[in-house]
Amino acid sequence: MKNKRLMGIIGLIAAAVIGTAIYSATAGKDNKAATSNEKAKVGVLQLVSHPSLDLIYKGIQDGLAEEGYDKDKVDIDFLNAEGDQNKVATMSKQLAEKDNQVLIGIATPSAQGLASATKDKPIVMGAVTDPVGANLVKDLKKPGGNITGVSDHNPTEQQLKLIKELTPNVKTIGVLYSTSEDNSKSQVEEFTKLAEKAGYKVVPYSVPSTNEIASTVSVMSGKVDAIWVPIDNTIASAFSTVVEANKDAKKPIFPSATAMVEAGGLGSVVVDQHDLGVATGKMAAKILKGQKPADTPVEIFSQGKSVINKKVADELGITIPESVLKDAGQVIK
Ligand code: TRP
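Quick note on numbering: the sequence shown equals residues 13 to 345 in the working numbering.
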């Protein structure tokens, strides 16, 4: 009886000692894991530098920070392909092979590059205009694979309304875009359909790269009443060339981003670039916390605000109706 009790006490003490040993061993392990893995890892591939994409990247950092991933909590492995398709491919591979937990592609070609580099690492699209047309997701509501993200749908109908209000005499619109971007293809189709329905004649002028922009614009500006530019990276990255080549013909240019209006466009209705980035960053944060791209719907931005360049309007001798000025989200003077 006495012996049994003693054995019991010894047993309890032994259990306590072993328990404590196990506890401190695992706690030690956890701490180690916490110090080596403290920062989340995100890989970002930006297609090219132009002011809109730069704003999106800034937004991505802000969106991540808003969800708790500020500079102390996340390492961002940032690469810029400088508009070079070969670099898109090699940099995509690099980012996919490293220990990044989530990959972000800013603009369609970079998201496509990442998509061919990995079929299992999560990819977040940063501002991809037509994710289905670009073969990145099958269904915007249920992506199904390793890709989801944020899409910037061009507010084409509102843009056409602005063209009518600012330049009521325009009959023929030339469309300037690049053949190498899937994002531009679907926009040009949509614009052409809606513009023709509104009674315009639409003439497409496509360029294979930035090298052909100057000569193409010189030709088109002699033949059309106005120039429309979609959300196109090639044109955006060389927009000053467009403005320069149109200097003599002085046709009104209606581009699809604030930065291009600021750089010499007449006006537009645009999606906010920083907002797109913030939404992309927040989505990446959710994926870092364990959400699966397969069941994260693509977030679509299609709400536009108008931007008018009053300086360009003055140069072209265009009077902007009071009603348009009153409703404008931004007037550049
Ligand atoms: N949406 C473009 C794409 O799918 C990328 C983009 C975002 C962009 N904002 C822009 C291109 C502004 C030109 C101008 O690739």
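Note that CB positions come from ideal geometry on N, CA and C, so glycine has one too.
| Length of the line joining the Cα atoms of Ser218 and Glu50 | So the alpha carbons of these two residues sit roughly 48 Å apart.
| query | In whole angstroms, what separates the C-alpha of Gln58 from that of Glu94? | reply | Each residue's Cα considered, the two are about 8 Å apart.
| message | Please return the same chain residues whose Cβ sits closer than 7 Å to the Cβ of Gly316, not counting the five positions on each side in sequence. | response | For Gly316, same chain residues with a beta-carbon under 7 Å away, outside a window of 5 residues either side, are Pro167, Gln170, Val281, Val282 and Val283 in chain order.
| request: With a threshold of 8 Å, establish whether the CB of Leu278 neighbours any heavy atom of ligand 1. | output: Because no heavy atom of ligand 1 lies under 8 Å away, the Cβ of Leu278 does not count as near it: no.
| request: Could you spell out the range, first to last residue, of the beta strand (DSSP E) harbouring Pro216? | output: Lys213 to Val219 is the span of the beta strand (DSSP E), which, as asked, contains Pro216.
| Between the C-alpha atoms of Val241 and Val255, what's the straight-line distance to the nearest angstrom? | In a straight line, the C-alpha of Val241 is about 12 Å away from that of Val255.
| said: Below 8 Å, is the gap between the Cβ of Glu193 and the nearest heavy atom of ligand 1? | reply: For ligand 1, at least one heavy atom lies less than 8 Å from the Cβ of Glu193.
| task | Along the beta strand (DSSP E) that carries Gly293, what are the first and last residues, could you check? | result | Segment Gln285 to Leu300 is the alpha helix (DSSP H) holding Gly293; no beta strand (DSSP E) there.
| field | Ranges of the beta strand (DSSP E) found wholly within the region 132-212, counting only runs of at least 3 | value | Segments of the beta strand (DSSP E) lying fully in the region 132-212: 135-138, 159-164 and 184-190.
| said: I'd like the span of the alpha helix (DSSP H) that includes Ile68, first residue to last. | reply: Ile68 -> alpha helix (DSSP H) spans Pro63 to Glu78.
| request: Report yes if the CB atom of Gln199 is closer than 9 Å to the CB atom of Asp260, and no otherwise. | output: Going by C-beta atoms, Gln199 is not nearer than 9 Å to Asp260.
| task | With a cut-off of 5 Å, give the chain-ordered residues whose Cβ is closer than this to any heavy atom of ligand 1. | result | Counting every residue whose Cβ lies closer than 5 Å to a heavy atom of ligand 1, we get Ser64, Ala119, Thr120, Ala139, Val140, Thr141, Asp164, Asn195, Ile243, Asn245, Ala248 and Ala269.
| said: Within the continuous beta strand (DSSP E) that includes Ile330, where are the two ends? | reply: Careful: Ile330 lies outside any beta strand (DSSP E) and carries neither H nor E.
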